[in-house]
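Engineer: Let me begin by handing over the structure; questions about it come next.
Numbering (the working numbering), first residue to last: 1 to 234.
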């Protein structure tokens, strides 16, 4: 389904980014530094919980209305008690909702995990939380020490060359680059993989279409270390 996203003027986007960044810093200052640091250290647990929900298809199962835990577990082929614990963890982060009658339902954040949502993040959760992605990020320390990209050292080839041989990994990457490529090139997107067919990497821009995070000034540099992508300030 084609979705048109209205992009605010650059000045408005920068102002919102500035506000979000400083609200985040204010939030950090409300807690002792060790507690704030522990939150960041444990953030990977939340990310992995989101990935599991996407892999199971929990949001898709709830798309047509609330469900009791036993019925939901049956629909996603999961253990009911383990699924309840997973949902409790996600609800504590504002993802999904537990109704007073005990049934579970979608909220705004959980709705983005539907595979058919207008702007679905299901593919992103499955790709960035995949075993392959987790493996490469555990080797970040080696990249920082040596200056060598993880993927080339781990797989013996560049990222997109490796994706060429792994269709299950390349499919989410195709989804990620489709909006940018279609806008930048004004043409249908070819199947991903070879670096020469990735317009953003060819221009030396970071591979992600999400841009800068409000609380991480230049995340592209970190991504470039791991993927081996050429990166420059834009």
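Every residue, glycine too, gets a C-beta built ideally from N, C-alpha and C.
1) Please classify residue 150: is it buried, with 16 or more other beta-carbons within 10 angstroms of its beta-carbon, or exposed?
2) Going straight from the alpha carbon of residue 84 to that of residue 99, what length do you get?
3) With a threshold of 6 Å on Cβ separation, who are the neighbours of residue 95 within its own chain once the five nearest residues in sequence on each side are excluded?
4) When you compare only the Cα positions, how much space is there between residue 97 and residue 147?
5) To which residues of the same chain is residue 76 closer than 8 Å at the C-beta, ignoring the five residues directly before and after it?
6) Please state if the CB of residue 51 and the CB of residue 129 are separated by a distance shorter than 7 Å.
7) From residue 134 to residue 114, what does the alpha carbon distance come to, in whole angstroms?
8) My guess is that residue 49 and residue 86 are in contact by the Cβ rule of under 8 Å, so how many angstroms apart are they, rounded?
9) Can you find the residues in the same chain that come closer than 7 Å, C-beta to C-beta, to residue 78, ignoring five residues on each side of it along the sequence?
10) Output needed for residue 73: all residues of its chain with C-beta closer than 7 Å, excluding positions within five of it in sequence on either side, in chain order.
11) Output the boundary residues of the alpha helix (DSSP H) element that contains residue 141.
12) Where do the ends of the alpha helix (DSSP H) carrying residue 34 lie?
13) Short check: CB of residue 54 to CB of residue 125, under 7 Å?
14) Which word fits residue 26, buried or exposed, when buried means at least 16 other C-beta atoms lie within 10 angstroms of its C-beta?
15) Using the C-alpha atoms, what's the distance from residue 132 back to residue 143?
16) What's the call for residue 29, buried or exposed, on a 16-neighbour Cβ count within 10 Å?
17) Determine the burial state of residue 210: buried for a count of at least 16 other Cβ atoms within 10 Å of its Cβ, exposed for fewer.
18) Over what stretch of residues does the alpha helix (DSSP H) that includes residue 84 continue unbroken?
19) In terms of DSSP beta bridges, what is residue 67 paired with?
20) By Cβ distance below 7 Å, which residues in the same chain neighbour residue 93 in space, the five residues on each side in sequence not counted?
21) If we ignore side chains and look at the alpha-carbon of each, how far apart do residue 68 and residue 153 end up?
22) Tell me which same chain residues have a C-beta within less than 8 Å of the C-beta of residue 39, skipping the five on either side of it?
Structural biologist: On the basis of the supplied data:
1) buried
2) 13 Å
3) 109 and 110
4) 44 Å
5) 56, 57, 58, 61 and 83
6) yes
7) 23 Å
8) 6 Å
9) 56
10) 79, 80 and 83
11) 140–146
12) 33–41
13) yes
14) exposed
15) 16 Å
16) exposed
17) Below a pLDDT of 50, predicted positions are generally treated as unreliable, and residue 210, at 36, falls in that range; the measurement from the model is reported next regardless. Classification for residue 210: exposed.
18) 80–91
19) 104
20) 46
21) 47 Å
22) 31
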